Amino acid sequence: MGISTKEISEVIKERLKDFDASLVSADVGRIVAVGDGIAQIYGLQNAMAGELLEFPNEVYGLALNLEEDQVRSVILGDFGHLH
Numbered sequence: 002m003g004i005s006t007k008e009i010s011e012v013i014k015e016r017l018k019d020f021d022a023s024l025v026s027a028d029v030g031r032i033v034a035v036g037d038g039i040a041q042i043y044g045l046q047n048a049m050a051g052e053l054l055e056f057p058n059e060v061y062g063l064a065l066n067l068e069e070d071q072v073r074s075v076i077l078g079d080f081g082h083l084h
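Rendered as structure tokens:
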């Protein structure tokens, strides 16, 4: 005795009922320079002052200086791998 297509369909429907396909919108910038724990980032036009920024390897920073074409962020952690 095998599994019927109706049973397969019911299992799929049950699993899809709990599926959450939420989207996360994120702006991506490019680090132009790093020095003394401050990153100069190009491409974050929508950043807000004090916003938490995520860098590679789970390093975070706070957006401070918001300029027309760049953001400067203090880096909260080891920044040796950022360039």
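At position 61 of the sequence shown the residue is numbered 62 (my numbering), and the sequence of numbers has no breaks.
Just so you know, even glycine gets a beta-carbon here, dropped at the ideal spot from N, CA and C.
Owing to the predicted nature of the structure, the values given are computational and were not obtained by experimental measurement.
#### Entry: Beta-carbon spacing of valine 60, aspartate 79 below 8 Å
yes
### Query
In terms of DSSP beta bridges, what is isoleucine 76 paired with?
Gly62
### Message
According to DSSP, isoleucine 39 sits in a beta bridge with which residue or residues?
### Response
Gly36 and Val75
### Query
In terms of residue numbering, what span does the beta strand (DSSP E) encompassing leucine 53 cover?
53-56
#### Entry: For valine 29, the nearest candidate out of Ile13, Ala48 and Ile76 (CA to CA)
Ala48
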